[in-house]
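With my numbering applied, the sequence shown covers 24 to 430.
Even glycine gets a Cβ: it sits at the ideal position worked out from N, Cα and C.
Because the structure is a prediction, the values reported are computed rather than measured.
Okay, structure first, notes after.
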Amino acid sequence: MINQILGKIMGQKDTQEEICQGTLKEIQEEIRQLLEEIQNKLQTVESQNLREDIQEEIANQISLLQRFEEYILKVQKRKPNSIAECIALKSKLKSVKVAVIFLLTIKQRRQEKIVLAKNIRHNLEYFINSKEFLGLTKTFFKRAVREWSAPTKILLGLAIAMPIYSIVIPGVYVVTVTLTTLAKIDTLTASLKNDNPVPNPLKASQIQLFFERSTLIMVAGFAGTFGSIISILIRLKKYQDSDYKGSAAPILVGFAKPLIGTAFGILIFTIINSNIISTIQVPKSQEQEDTNIKYYFFFSIAFIVGFSERLADDIIQRAEGVVIPTETVSKLEEAGENFQNSAKDIQGAGEDLKHGAKDIQGAGEDLKRGAKNIQEAAEDLKYNVVSEQAIHRTESSQADSSQNQKQ
24 MINQILGKIM GQKDTQEEIC QGTLKEIQEE IRQLLEEIQN KLQTVESQNL
74 REDIQEEIAN QISLLQRFEE YILKVQKRKP NSIAECIALK SKLKSVKVAV
124 IFLLTIKQRR QEKIVLAKNI RHNLEYFINS KEFLGLTKTF FKRAVREWSA
174 PTKILLGLAI AMPIYSIVIP GVYVVTVTLT TLAKIDTLTA SLKNDNPVPN
224 PLKASQIQLF FERSTLIMVA GFAGTFGSII SILIRLKKYQ DSDYKGSAAP
274 ILVGFAKPLI GTAFGILIFT IINSNIISTI QVPKSQEQED TNIKYYFFFS
324 IAFIVGFSER LADDIIQRAE GVVIPTETVS KLEEAGENFQ NSAKDIQGAG
374 EDLKHGAKDI QGAGEDLKRG AKNIQEAAED LKYNVVSEQA IHRTESSQAD
424 SSQNQKQ
C-alpha cells in the first residue's frame, strides 16, 4: 500500500515536471517569435521615424526579454518547484507582449505617453532582480530612484551617509592620533633604554596642546557636517519632484553634501589657525582657566560654513587673495585676455584665408569655363574649315565636269 502511494506521488511529480518543462519551452519559443515580430515591424517604412523615447523603450524591452530568456534557462537546469511557478512565468511574458504591442502600434503623430510599457518592464525587471544575488538591494534602490519623491531620496542619501561619516571619519582620526602618539612614545622609550637624554623632551603642555588641536579639528569637522545636514533639511522644499523625477541626483546630494560640509569646516579651521585671514581671530576669554571658548568659536564658525556655502566661498576667496597677490591675479587675467584676443585674431585670419580660398576656387571655375568655351570655339572653327573645304572641293569638281562636257 505504501509503495503504491509513493509510486503515485512520484508519478504526479514527474508529470508536473514534464508539464513545467513543456511550458518553459513554449515560453522560449514565444520569446523568439516576439523578437522576430519586433524585427519585422522595425523594418517597415512606417517604423523608420519612431520617436526617440519609443526607440529607447523598445531597446529596453528587447534587453529585458534576453534577460528573461536567460532566467528561463536557469529554471530549466534547476527544475521548477511547481506548476504555479511556470504559469507565473508565462503570465509575465504575456504582460511584456502587451507592452511591446502597445509600442509597435502607437501612432507617431500623437504624443502618447509610454508609462504603460515602462511600468510593465519595471515589474518584470524587479521580478528577475529578486532571483539574483543582491537583487533585493538593487530593486530597492531602483524603486527609490523611480518612485520616491525628491525629499525622500535626499533623506535616503543622508541615512546612507550617517553611518559612514560617524564611523569611518572618526576611525581615521583615531588611527592617526594613535600612530602619532605611539611614535612619540617609541622615541621616549628608546631614549630611556639608551640612558641618553632626550634632545627635545615633550612637555606636558605640548602633549595637551596636541590633543587640544586634534579635538578642535574633530569639532570643526562634525560642526560642518551638522551644518550641511540642517541646511539640507531646511531646503527640502526647493527640490521639486518635476525636476528630479526618475533621477538619482537627490540621493547623491544627501550622501555627499555632509562630506562637503566636513571638508569646509576643517578648511576654515586651518585657515584661521594659519593667520591667512587676519581679520578673523579666536576670541580670548576673560578668565585664563576658561579654554572652552575656542571650542564654541570653531563649532559656530564651522557650523555656519557647513550651513551656508556662500560664506565658505567668500572666506576661500579672501584666502586666495592673500596666498595669490592681487597683482599676480591681474597679470594672469591680462594674459588670459591677450590670449583670447590672439585667438580671435587667428580666427579672423582663418576666415579671411577661407574667403580667399573661395575666391581662388571661383576664379579657377571661371578659368575652367573659359577654357571650355575656347575648346568649343576651336571645334566650331575646325568644323567650319572642314565644311568650307568640302564645299570648295564640290564646286571644283562641278567646274571640272562642266568643262569636260563643253569639250
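According to the DSSP assignment, residue 126 belongs to the alpha helix (DSSP H) that extends over 106-127.
According to the DSSP assignment, residue 316 belongs to the alpha helix (DSSP H) that extends over 315-330. The Cβ atoms of residue 255 and residue 179 lie no closer than 8 Å to each other. A contact between stretches requires three or more CB pairs, one per stretch, nearer than 8 Å, and the segment 145-165 meets this requirement with the segment 112-119. Where residue 172 is concerned, there is no enclosing alpha helix (DSSP H), because DSSP gives it neither an H nor an E. Secondary structure note for residue 153: its alpha helix (DSSP H) is the uninterrupted segment 138-153. Under the three-state reduction of DSSP, residue 299 is assigned to coil, being neither helix nor strand. Within the same chain, and ignoring the five residues on either side of residue 81 in sequence, the residues whose Cβ sits closer than 6 Å to its Cβ are 126.
In the three-state scheme derived from DSSP, where H, G and I count as helix and E and B as strand, residue 236 is classed as helix.
The C-beta distance from residue 239 to residue 317 rounds to 6 Å, short enough to fall under 8 Å. Each residue's CA atom was taken as its position, placing residue 75 and residue 237 some 56 Å apart.
For residue 84 against residue 123, the beta-carbon gap comes to about 6 Å, under 8 Å, which counts as contact. In the structure shown, residue 72 adopts coil according to DSSP, grouped into three states. By alpha-carbon distance to residue 153, the top candidate from 90, 46, 249 and 257 is 90. For residue 254, the secondary structure class from DSSP, reduced to helix, strand or coil, is helix. If you draw a straight line from the Cα of residue 52 to the Cα of residue 194, it comes to about 57 Å. A distance below 7 Å between beta-carbons, with the five flanking residues on each side excluded, links residue 280 to the following residues of its chain, in chain order: 251 and 255.
Nearest to residue 140 by alpha-carbon distance, out of 43, 172, 77 and 368, is 77. Closest option to residue 110, judged by alpha-carbon separation, among 387, 40, 283 and 392: 40. DSSP, reduced to helix, strand and coil, places residue 286 within a helical segment of the structure shown. The shortest C-alpha to C-alpha distance from residue 43 to any of 198, 59 and 100 is the one to 100. Between residue 277 and residue 177, the C-beta gap is smaller than 8 Å, which places the two residues in contact. About 6 Å separates the CB atoms of residue 95 and residue 50; that is less than 8 Å, so the two are in contact. Distance from the CA atom of residue 164 to the CA atom of residue 73, rounded to whole angstroms, is 31 Å.
Taken through DSSP and simplified to helix, strand or coil, residue 182 comes out as helix. The beta carbons of residue 293 and residue 248 sit about 17 Å from each other, so the pair does not count as a contact at 8 Å. For residue 158, same chain residues with a beta-carbon under 7 Å away, outside a window of 5 residues either side, are 152 in chain order.
Excluding residues up to 5 positions away in sequence, 248, 281, 282 and 285 lie with their Cβ nearer than 8 Å to the Cβ of residue 188 in the same chain.
For the pair residue 88 and residue 54, the CB atoms are nearer than the 8 Å cut-off.
Sixteen is the threshold: when 16 or more other Cβ atoms of the shown chains lie within 10 Å of the Cβ of residue 242, as they do, the residue is buried. In this model, residue 360 and residue 295 are separated by some 34 Å (Cα to Cα). Using a 10 angstroms sphere on the CB of residue 47, the tally of other CB atoms reaches 16 or more, which defines it as buried. Residues of the same chain with their beta carbon placed closer than 7 Å to that of residue 367 are lacking, with the five preceding and five following residues left out of the count. In the three-state reduction of the DSSP assignment, residue 380 falls in the helix class.
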